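Structure record follows, encoded as structure tokens.
Numbering (my numbering), first residue to last: 1 to 329.
Right under this line is the structure:
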């Protein structure tokens, strides 16, 4: 049965009922269940090929065919583009190519508009969040079935670094999406319970995390963003090999994971269409083989990469400005 026919059956099932139309929600839930840690792509979207050794493929839900007894080594699909300090390195799509990647099935809707939800309702069914976006003391939560909730947090206090710099801390979404925490002065945290729609305080909040051993000398590069299951993002500071010295900026930011390095390629532009500094924090993992990073650029997107391959896709495109975000995929 095709996806289109399944959707039509869902609509027919509820067409004569007087209750609110739930076919769209049922369809989204069905997609989530059917995903079961598999990645799909939107049909009809072709892969973008940029070079023989640096081609960018699309995420394919089908497992690769087992190699024949005569196959030796790594296939082109998994062959690294280069090495750095003896470690395999892959080139990711640049900021322009990322926008044209095919959509990948995920708990998130294909598009998220930050700060456009209606005022919080007491009958809002959201009991967990997959993403939270913070703009000052205003939050946008994205839950199951694309539900969106805007929450004000007027009680959040700034924290101060040792150098005297004060700032509003970034949100930290719990792995199960049930709470959103903000570090506060004195080692405490303000905690928002998604299901209860209530704020509380954690008096023993710990935020310490150490990046994993990257396997390379990271030099002046500084780790940023969360460390999730061994994947960590790093800022500029290394002269990594680039795909095309004529079009790609040198010294790109990068991600390390236990199997190698992913360079966040940045195409040269006129300066109006660039990656942000600390552009690509790790957002989480869709499954054991697919890491997700948040690409902060002119038009932000969440990008999925099947590690150790040239397979990339987009989970969601983010519309509207925001300061920081956190995800629980």
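Ideal Cβ placement from N, Cα and C applies to all residues, glycine included. This structure is a prediction, so every number in the text was calculated from the model and none was measured.
query	result
Report the start-end ranges of each alpha helix (DSSP H) in the segment 77–123 that is 4 residues or longer and not cut off at the edges.	95–98
Should residue 183 be labelled buried (16 or more other beta-carbon atoms within 10 Å of its own) or exposed?	buried
So which of 152, 104, 80, 84 has the shortest CA-CA distance to residue 115?	152
Within a Cβ cutoff of 6 Å, which residues of the same chain sit near residue 229, ignoring the five residues on either side of it in sequence?	285
Under 7 Å Cβ to Cβ from residue 267, same chain only, skipping five residues before and after it: list those, please.	94, 95, 96, 247, 248
Ignore the nearest five residues each way along the sequence and tell me which others in residue 130's own chain have a CB closer than 7 Å to its CB.	107, 108, 142, 143, 177, 327, 328, 329
According to DSSP, is residue 241 part of a helix, a strand, or is it coil?	coil
Which residues bound the beta strand (DSSP E) around residue 374?	Given that the chain is displayed from residue 1 to residue 329, the structure contains no residue 374 and the question cannot be resolved.
Which residue from 300, 218, 296, 299 puts its Cα closest to that of residue 261?	218
Where does residue 246 fall in DSSP's three states?	coil
What distance in whole Å lies between the Cβ atoms of residue 283 and residue 92, which are believed to be in contact at a cut-off of 8 Å?	Actually they are not in contact, since the Cβ atoms of residue 92 and residue 283 sit about 14 Å apart, beyond 8 Å.
For residue 274, collect the residues of the same chain with a Cβ closer than 8 Å to its Cβ; drop the 5 residues on either side in sequence, then sort them by chain order.	95, 266, 297, 298
Round the Cβ separation of residue 293 and residue 133 to the nearest angstrom and send it over; I've been treating them as touching at under 8 Å.	Residue 293 to residue 133, Cβ: 16 Å. No contact.
Can you give the Cα-Cα distance for residue 314 and residue 304, rounded to whole angstroms?	6 Å
Under the three-state reduction of DSSP, which class applies to residue 284: helix, strand or coil?	strand
By a C-beta neighbour count over all protein chains shown, 10 Å radius and 16 as the cutoff for buried, is residue 62 buried or exposed?	Caution is warranted here: a pLDDT of 40 is assigned to residue 62, below 50, making its placement in the model unreliable, and no coordinate value can be reported.
With a threshold of 6 Å on Cβ separation, who are the neighbours of residue 320 within its own chain once the five nearest residues in sequence on each side are excluded?	113, 114, 115
Would you kindly check if the distance between the Cβ of residue 225 and the Cβ of residue 259 is under 7 Å?	no
Out of 101, 125, 180, 98, point me to the one whose CA is closest to residue 137's CA.	180
Could you confirm whether any beta carbon from chain B is found closer than 7 Å to the beta carbon of residue 325?	The chain inventory of the structure shown lacks chain B, comprising one protein chain alone.
May I ask you to check if the CB of residue 175 is nearer than 6 Å to at least one heavy atom of the ligand NAD?	Questions concerning the ligand NAD fall outside what the structure shown contains, since it holds no ligand whatsoever.
Within the continuous beta strand (DSSP E) that includes residue 328, where are the two ends?	Per DSSP, residue 328 belongs to no beta strand (DSSP E) and is neither H nor E.
Please list the terminal residues of the continuous beta strand (DSSP E) segment that includes residue 298.	Here residue 298 belongs to no beta strand (DSSP E), and DSSP marks it neither H nor E.
With DSSP collapsed to three states, give me the class of residue 171.	coil
Work out the CA separation of residue 212 and residue 390 for me, nearest whole Å.	This structure cannot settle anything about residue 390, because the visible part of the chain is limited to 1 through 329.
Check whether the Cβ atoms of residue 149 and residue 117 lie closer than 7 Å to each other.	yes
How close, in whole Å, do the beta carbons of residue 223 and residue 231 come, if the pair is a contact with beta carbons under 8 Å?	So it is not a contact: roughly 11 Å between Cβ atoms.
Hey, how far is the Cα of residue 159 from the Cα of residue 278?	20 Å
For residue 172, count neighbouring C-beta atoms within 10 Å of its own C-beta (all shown protein chains included) and say buried if the count is 16 or more, exposed if not.	buried
Would you tell me roughly how many angstroms separate the C-alpha atoms of residue 82 and residue 90, rounded to the nearest one?	7 Å
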